[in-house]
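Just so you know, the sequences run in chain order A and B.
Numbering of the first sequence is given in my numbering, commencing with residue 709 and proceeding in unit increments.
Numbering of the second sequence is given in my numbering, commencing with residue 44 and proceeding in unit increments.
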Amino acid sequence: MNLSHKMSKSIILTAIIALFAVHISYSQKVVRYHLYVKDTLVNFTGKEKRAIAVNGQIPMPTLTFTEGDTAEIYVHNEMKEKTSLHWHGVFLPNQEDGVPYLTQMPIEPGETYIYRFPIIQHGTHWYHSHSGLQEQLGMYGSMILNKRTNDPTFRKGIDDLPTVPVVLSEWTDYNPHNVERMLHNASDWFAIKKGATQSYGEAIKAGHFKTKVKNEWKRMLAMDVSDVYYDRFLMNGKNQSTLSQFKAGDKVRLRISNGGASTNFWLTYAGGKITVVANDGNDVEPVEVDRLLIAVSETYDVIVSIPGENTAYEFLATPEDRTKSASLYVGSGIKQLISPLPRLKYFEGMKMMNGMMKMNGDLDDMGMNMSLNQMDMNIVMYPEITGSETKDENKNSKMEGMDMESKAGKNEHAEHSGDQYNSNKLSNIVTLNYAMLKSPTETGLPKDAPVKELRFELTGNMNRYVWSLDNKVVSEADKIMIKKGENVRIIMFNNSMMRHPMHLHGHDFRLINGKGEYAPLKNIVDIMPMETDTLEFNANVYGDWFFHCHILYHMMSGMGRVISYEGQPKNPLIKNPRYAQRKLFSDDRHFHVMAENDFATNGNDGMLMIQNTRWSIGSEWRLGYNDMHGYETETHIGRYFGKMQWLMVFAGFDWRYRKEGIDEQEQNVFGQRNTKDDRALASLGFVYKLPMLIDFQTEVFHNGTFRLQLMREDIPVTKRIRMGFMVNSDIEYMVEARYILNRYIGLRTHYDSDMGFGMGISANY
Amino acid sequence: MAASMLLSFQSFSAQVDNSKTSTVKIYGNCGMCESAIEKAGNVKKVAAVEWNKDSKIATLTYDSVKTNQNEILRRIALAGYDSEHFFAPDEAYAKLPACCHYERAKASAHKDEAMASLKADKPEAGMHDHSAMTSQDKNQLKAVYDGYFSLKDALVKSDGSAASVIAKDLLAAINAVKMETLKPEEHTVWMKVKEDVTTDAEHITETKEVSHQRDHFTTLSKNMYQLIKVSKNDAPVYYQHCPMYNDGKGADWLSKESAIKNPYYGSQMLSCGKTVETIK
Ligand SMILES: [Cu+2]
Ligand SMILES: [Cu+2]
Chain A
709 MNLSHKMSKS IILTAIIALF AVHISYSQKV VRYHLYVKDT LVNFTGKEKR AIAVNGQIPM
769 PTLTFTEGDT AEIYVHNEMK EKTSLHWHGV FLPNQEDGVP YLTQMPIEPG ETYIYRFPII
829 QHGTHWYHSH SGLQEQLGMY GSMILNKRTN DPTFRKGIDD LPTVPVVLSE WTDYNPHNVE
889 RMLHNASDWF AIKKGATQSY GEAIKAGHFK TKVKNEWKRM LAMDVSDVYY DRFLMNGKNQ
949 STLSQFKAGD KVRLRISNGG ASTNFWLTYA GGKITVVAND GNDVEPVEVD RLLIAVSETY
1009 DVIVSIPGEN TAYEFLATPE DRTKSASLYV GSGIKQLISP LPRLKYFEGM KMMNGMMKMN
1069 GDLDDMGMNM SLNQMDMNIV MYPEITGSET KDENKNSKME GMDMESKAGK NEHAEHSGDQ
1129 YNSNKLSNIV TLNYAMLKSP TETGLPKDAP VKELRFELTG NMNRYVWSLD NKVVSEADKI
1189 MIKKGENVRI IMFNNSMMRH PMHLHGHDFR LINGKGEYAP LKNIVDIMPM ETDTLEFNAN
1249 VYGDWFFHCH ILYHMMSGMG RVISYEGQPK NPLIKNPRYA QRKLFSDDRH FHVMAENDFA
1309 TNGNDGMLMI QNTRWSIGSE WRLGYNDMHG YETETHIGRY FGKMQWLMVF AGFDWRYRKE
1369 GIDEQEQNVF GQRNTKDDRA LASLGFVYKL PMLIDFQTEV FHNGTFRLQL MREDIPVTKR
1429 IRMGFMVNSD IEYMVEARYI LNRYIGLRTH YDSDMGFGMG ISANY
Chain B
44 MAASMLLSFQ SFSAQVDNSK TSTVKIYGNC GMCESAIEKA GNVKKVAAVE WNKDSKIATL
104 TYDSVKTNQN EILRRIALAG YDSEHFFAPD EAYAKLPACC HYERAKASAH KDEAMASLKA
164 DKPEAGMHDH SAMTSQDKNQ LKAVYDGYFS LKDALVKSDG SAASVIAKDL LAAINAVKME
224 TLKPEEHTVW MKVKEDVTTD AEHITETKEV SHQRDHFTTL SKNMYQLIKV SKNDAPVYYQ
284 HCPMYNDGKG ADWLSKESAI KNPYYGSQML SCGKTVETIK
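Spelled out as structure tokens, the structure:
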């Protein structure tokens, strides 16, 4: 009696619970968020700096939905500038995608804008501003789309674990616009801050003088694995934080998004192996690793466990350049640290790049067919894989190495090509790569659909910081047209020296990685130099979808394309398509300013230049303090050609005035008369960058005289000393040396054939 | 004495703005530890650490605007020294000079927990408990082999100082072997090789120069090979050969993995060589 009573009670209870659950999961539940976007001041480093906070916080609040919900997100723009929000990796109607001037007009200051879309997938995603450089200032946050509990793909032991969303990011005290400008000006200030100048002095000390010469012979500037120096690295907005709610024996699922603007992070854990269970919001078969690299804008779901009592284990995120790190301690008690990743062996990297780089600027993979991050050329720089760079080791192995080459020649040892870059074969450390990702379900595309194949070469150069696809930036290329229903296959080859996380909006693609029907679904693929990757997707949703490198400063310089569907309906939010397109293109057409002046004992020496992807307009001046030293200016308007941009063709104008100068050279080496004392001449010419980074300039003036000139600036002698020289056919010459004091100021001394010896303070912007 | 301490203390706090002082326990042994701890903790004008090797108490004086106690202790832990709040990474501890190998608070507690969690994970572990005990008795050479394999890994990384530290452990393991409990075949070989392996291990401990260590590693490996051939192993061991070493005379080593990671050349020729025998 009693028993049956209890039973009936529990049956009723279960029924109610079931009913309730059904109600939640199948009703059109609208989940609403209000986001207030506001300028704010933050203090990450001891200095107050401008940032952007949403609802008063950085990162932006975590948005949580369950598959089947409808998202309704109110964005209140309380800033003085326009903004937008992009839902990264989320399937939605094109109008809700959040790319200003492409899928919508920007959200004006004071405006409240509503994004509304059904949630038709699950997984770890994130969201960020797609306007200008706002992402760098704090506009990134987690977006968690939960599985319904009755989802057939629900995984016991994985999907029921406690989860913690984690957004990785970085902070710089510099204004991001200044960062962008410095990158385009090839400033080496970031390298100085990182200790990665790789100067001749350092090269000699490390026994790598030849390597450095060869590097400059091939016209390369010192390379680094990342471009920007950051002051802080953050996990959920903090450099150090603890998840003290967990205890020994617990397993925790971290839903990690890389919201960094330009930083790839290594993830390592002090409490044992890391189990990867999802990538870019899509489940993968669990795989145990010691570490993984999360590229800019990727997401990974990982499970970590807490092995010991009263201990919090360090989950460490280390930027690829290994300058600093951020830590999250999982558990409560004494913090068990993990070894930091050792410093990169830069000169080993330089040597490797020398080997790969052909004289014409193309990369040569030496027949290794690299793909999917399986072979990582950078491991030559990783002491934990390829050994530390101790002095005796160098000596011994160098001698032995030579021996070997001469004796063994090309026998078995020469054939290791490829494997010598396979990190998992070389060490006990298991590093995740894309070939290890396998979808738990079949991901094959419709079999009978027509196939459209697109090929892209990722191109660019570091000297002028231009990044492109097939040497064309967004504003120089047409939209890529595809047809609804097609299977689109994209094959990309990275022929540039940096890695690029390429991101497709609105679709997941299959990354062809040897897993056949179980190829993983992703929306970002990080491609290392010399790699070729193939991805494919079924074209199933109309719209103008951005396809771009997700490194913020690469994207802003134009590394992307718009993929668009034939015969699609017009986007009602874009009322004036031509205006919108012009605004979209203005990102990479934008001119960057650069200026320098040396206030010296013998005069002022300086220049002002504005430049963009292809054009450069600049004036140089040398102004003495009296008529005898003279005054002169040269102005050039030029256009760069070629992928490496070694050639610039220009039109110029020279003006100079001098009275009885100290250098009475009135004839050039060709015997042509050459007034220096009073002249105003127009010219045509070109500059070509020679090996050793020497600028060779030829210029013909309207009066028939011509001038040849060789110049090299910024020879890195030590970490902070730069030298330069110039000599030309007017028998003018100059040598200089500069000591860099800080970002804007240096001490300069020079000897100039016109103005003699001078010393001064040089300022640059 | 007291006056000089006071003086030095004052001079420290005078250099640090917004100065805040706290005391905390940091584990360590000797004068070398003291300088290592203080060096790791100090940051000019921001943080000053004074550690007392008798009391193990450190006095931290720091600029509370620019840093905090945890940042300082984190740096010290990364240098190899445990404290109340941080455990050093095991590798950092292992790299400390022998005299600095202080007794770790976590070592014992930790291992027990690891064992406990292992048991909790695998319900059947209880049944194997007994057999595990006996097999430990039976295979007391295992510690020697483990030492050898760690030494090999250190040489693969061309890490002379780690190799030197590990060789010390290996030496201890060799000395701990109770000959009388070895199986007859093992006993015979052990008698033959013991003196040589001891000498090689000693030499490797005494230097940090990788090339010298590698010389001794060639003979050490030969003897280990003889020994491991007569031992029973739970997992296969690979006998591998590099034809290049020592002017083409070649050298051998043992590895637990079939993949080649050459301990004689490190990064230069990591995958040079081949497996010549698989010992089961
Ligand atoms: Cu994105
Ligand atoms: Cu890029």
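Just so you know, even glycine gets a beta-carbon here, dropped at the ideal spot from N, CA and C.
Residue i - containing beta strand (DSSP E), residue span
i         : result
A/Glu878  : 871 to 879
A/His1256 : 1252 to 1257
A/His694  : Missing from the structure shown is residue 694 of chain A; chain A here goes from 709 to 1473 and no further.
A/Ser1327 : 1323 to 1331
A/Leu1001 : 999 to 1002
A/Phe1394 : 1386 to 1398
B/Thr241  : Run containing B/Thr241: none in the beta strand (DSSP E); it sits in the alpha helix (DSSP H), 227 to 249.
B/Asp295  : 294 to 298
A/Met851  : 848 to 854
B/Met267  : Careful: B/Met267 lies outside any beta strand (DSSP E), inside the alpha helix (DSSP H) at 253 to 273.
A/Pro1091 : No beta strand (DSSP E) holds A/Pro1091; the alpha helix (DSSP H) holding it covers 1091 to 1094.
B/Val319  : 317 to 322
Which listed residue (the options) has its alpha carbon closest to that of residue i
i         : options                                    : result
B/Arg147  : B/Asn276, B/Lys99, B/Val220                : B/Lys99
A/Ile1137 : A/Phe1299, A/Asn893, A/Glu1092             : A/Glu1092
B/Tyr188  : B/Ser314, B/Leu297, B/Asn113, B/Tyr307     : B/Leu297
A/Lys1203 : A/Glu1017, A/Glu1161, A/Arg1290, A/Met1238 : Sequence check: residue 1203 of chain A is Asn here, not Lys. Answer by Cα proximity: A/Met1238.
B/Asp258  : B/Asp125, B/Leu184, B/Lys82, B/Tyr288      : B/Tyr288
A/Asn1221 : A/Val921, A/Tyr908, A/Trp1175, A/Gly1152   : A/Gly1152
A/Leu1145 : A/Val984, A/Leu1071, A/Asn1130             : A/Val984
A/Lys1223 : A/His916, A/Leu1080, A/Phe1255, A/Val1174  : A/Leu1080
B/Glu238  : B/Asp133, B/Val220, B/Lys275, B/Tyr307     : B/Val220
A/Gly1468 : A/Arg1456, A/Ser1461, A/Ala978             : A/Arg1456
A/Leu1355 : A/Phe825, A/Thr1406, A/Phe1307, A/His830   : A/Thr1406
A/Ala1157 : A/Asn1179, A/Arg1197, A/Pro1148            : A/Arg1197
A/Tyr835  : A/Asp868, A/Pro814, A/Pro769, A/His796     : A/His796
A/Phe1404 : A/Gln1417, A/Glu1328, A/His1410            : A/Gln1417
Bounding residues of the alpha helix (DSSP H) (the contiguous stretch that carries residue i)
i         : result
A/Asn1305 : First-last for A/Asn1305: 1300 to 1308, but that is the beta strand (DSSP E), not the alpha helix (DSSP H).
A/Trp974  : Looking at the DSSP string, A/Trp974 is not in any alpha helix (DSSP H); the run it does join, the beta strand (DSSP E), is 973 to 977.
A/Pro1027 : Per DSSP, A/Pro1027 belongs to no alpha helix (DSSP H); it is in the beta strand (DSSP E), 1019 to 1027.
A/Phe1378 : It is not in any alpha helix (DSSP H) - A/Phe1378 carries neither H nor E in the DSSP assignment.
A/Ala930  : No alpha helix (DSSP H) contains A/Ala930, which DSSP labels as neither H nor E.
Contacts around residue i, its chain only, beta-carbon distance under 7 Å, and the 5 residues preceding and following it disregarded
i         : result
A/Ile766  : Val750, Ala759, Gly846, Gly945
A/Ala1003 : Asn966, Asn972, Pro1209, Ile1232, Asp1234
B/Val232  : Gln269, Leu270, Val273
A/Met943  : Val874, Leu876, Ser949, Ala1025, Ala1034, Leu1036
Same chain, Cβ closer than 6 Å to residue i, five either side skipped, listed in chain order
i         : result
B/Thr64   : Thr104
A/Arg940  : Phe752, Trp879, Asn947
A/Tyr1473 : Ala1303
A/Lys1032 : Phe941
A/Glu1225 : Glu1150, Gly1152
Same chain only: Cβ atoms within 8 Å of residue i, ignoring 5 sequence neighbours per side
i         : result
B/Phe192  : Leu297, Ser298, Lys299
A/Asn1248 : Lys1192, Gly1193, His1215
Below-8 Å beta-carbon distance, residue i vs any chain C residue
i         : result
A/Leu1045 : Looking at the structure shown, chain C is missing, and the protein chains on hand are A and B.
Three CB pairs or more closer than 8 Å across the stretch 899 to 917 of chain A and the stretch 982 to 1001 of chain A | no
Touch check for the stretch 964 to 977 of chain A and the stretch 873 to 892 of chain A: three-plus C-beta pairs under 8 Å?
-> yes
Of all the alpha helix (DSSP H) runs that stay within the bounds of the stretch 54 to 126 of chain B, which reach a length of 4 or more residues?
-> 74 to 84, 112 to 121
Entirely within the stretch 1217 to 1281 of chain A and at least 4 residues each: give me those alpha helix (DSSP H) ranges in chain order.
-> 1260 to 1264
Please determine if the stretch 1034 to 1042 of chain A and the stretch 883 to 893 of chain A are in contact, where contact requires at least 3 C-beta pairs separated by less than 8 Å.
-> With the cut-off at 8 Å, the stretch 1034 to 1042 of chain A and the stretch 883 to 893 of chain A do not touch.
Does the stretch 1310 to 1322 of chain A come within contact of the stretch 842 to 857 of chain A, defined as at least 3 CB pairs closer than 8 Å?
-> no
Are the stretch 207 to 219 of chain B and the stretch 234 to 247 of chain B in contact at 8 Å, needing three or more beta carbon pairs?
-> yes
Beta strand (DSSP E) runs contained entirely in the stretch 800 to 829 of chain A, provided each spans 3 or more residues | 820 to 826
How about the stretch 902 to 920 of chain A and the stretch 1055 to 1072 of chain A: do they share at least three Cβ pairs that are nearer than 8 Å?
-> yes
May I ask you to verify whether the stretch 809 to 821 of chain A touches the stretch 782 to 799 of chain A, counting CB pairs closer than 8 Å and requiring at least 3?
-> yes
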